[in-house]
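Numbering (the numbering used here), first residue to last: 446 to 606.
Every residue, glycine too, gets a C-beta built ideally from N, C-alpha and C.
See below for the structure under consideration.
Structure follows, in structure tokens:
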């Protein structure tokens, strides 16, 4: 197997944590929607969202692949679903991401996901099955950086008399 590369390219490696999932047997369309929901989120909030989707409590919004009967969910929520298998795989990758951050000495509660990408992998054929159907396979890559905590500056307000 060749060298596994990331679609994300960065010149400096400071305060950045990366993780990849290759040849995962999940739907590329569902993984695209989950990736869009997670992008820009804190890791703790992302794990809560995925855990809610696994428990069928918090739906993942479907914004692109929602033409085939994806109805709206309860409350003020648009079209969405509960992609359980996809959420489990993303949750495994987020746990690996936190372990990598701990190894690098980073604060895992301040990690922000800024690059979450999914790619459709080569299809896995069902040999000797008598049908040409293939299994859906997806590559996932997640890159997070440690968000800098900005201290609030107390500016004195001068009231004119």
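Shown here, residue 589 sits in a strand according to DSSP, grouped into three states.
Residue pairing by DSSP places residue 562 opposite 586 in a beta bridge. Per DSSP, residue 501 is not a residue of any alpha helix (DSSP H), being assigned neither H nor E.
Residue 460 is positioned such that its CB atom lies no closer than 7 Å to that of residue 543. In this model, residue 506 and residue 551 are separated by some 30 Å (Cα to Cα). Distance from the CA atom of residue 532 to the CA atom of residue 559, rounded to whole angstroms, is 18 Å.
Within the same chain, 542, 545, 546 and 589 come within 6 Å of residue 462 by CB-CB distance, once the 5 residues on both sides are set aside.
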